[in-house]
Amino acid sequence: MEDFDKQTADEYIILAEDDGRILGFSSLYLPDDFIHLLFVHPEVSGQGVGKELLSASIEKMNRPARLKCVSENHKALKFYEKNGWKKVVEEEKDGEKYWVMEY
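Each residue of the sequence shown is one higher than the one before, counting from 42 in this note's numbering.
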């Protein structure tokens, strides 16, 4: 939790819950209209939790909204593109490539 608090300082957190159980979350840096983190528990992957979190995140931000996705995470890239996000530019940092995407 300490690391989570440090990584998401000054960010707006959206939780997906079911009967008190956390199913996923998104973390938004609203001054830049940027989705910093979006995580869905593996047990509920493919059940619409990610789509709901993404929709709720988009509602909180101005356009264009942005996010970064690791280039090797083909499943996530496909998910974002299916939900209206577009690849803008592929960048590299610390030896890892990622796509900057916009909605």
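Quick reminder that beta carbons are idealized off the backbone N, C-alpha and C, glycines included.
Own chain residues within Cβ distance below 7 Å of residue i, not counting five before or after
i	result
Val90	Ala57, Leu64, Gly65, Val81
Ile20	As shown, the chain starts at 42 and ends at 144. That puts residue 20 outside it, with no answer to give.
Ile99	Ala106, Tyr144
Backbone secondary structure at residue i - three-state DSSP
i	result
Ser112	coil
Ala50	coil
Ala97	helix
Asp59	strand
Glu121	According to the sequence as given, residue 121 is Tyr; it is not Glu. Helix.
Gly87	coil
Burial state of residue i (16 or more Cβ within 10 Å)
i	result
Phe120	buried
Ser96	exposed
Pro79	It is Leu, not Pro, that sits at residue 79 in the sequence shown. Buried, by the Cβ-count rule.
Asp74	buried
C-beta contact flag for residue i and residue j at 9 Å
i	j	result
Ile76	Arg107	yes
Leu71	Glu52	yes
Lys116	Glu122	no
Nearest-angstrom Cβ-Cβ length linking residue i and residue j, presumed shorter than 8 Å
i	j	result
Lys101	Val141	Actually they are not in contact, since the Cβ atoms of Lys101 and Val141 sit about 19 Å apart, beyond 8 Å.
Glu137	Val111	6 Å
Cut-off 6 Å between Cβ atoms - residues of its own chain near residue i, not counting five sequence neighbours on either side
i	result
Phe45	none
Close-in-space but distant-in-sequence residues of the same chain around residue i (CB under 8 Å, 5 per side omitted)
i	result
Tyr139	Lys109, Cys110, Val111, Ser112, Glu131, Glu132, Glu133
Thr49	Ser68, His77, Leu78
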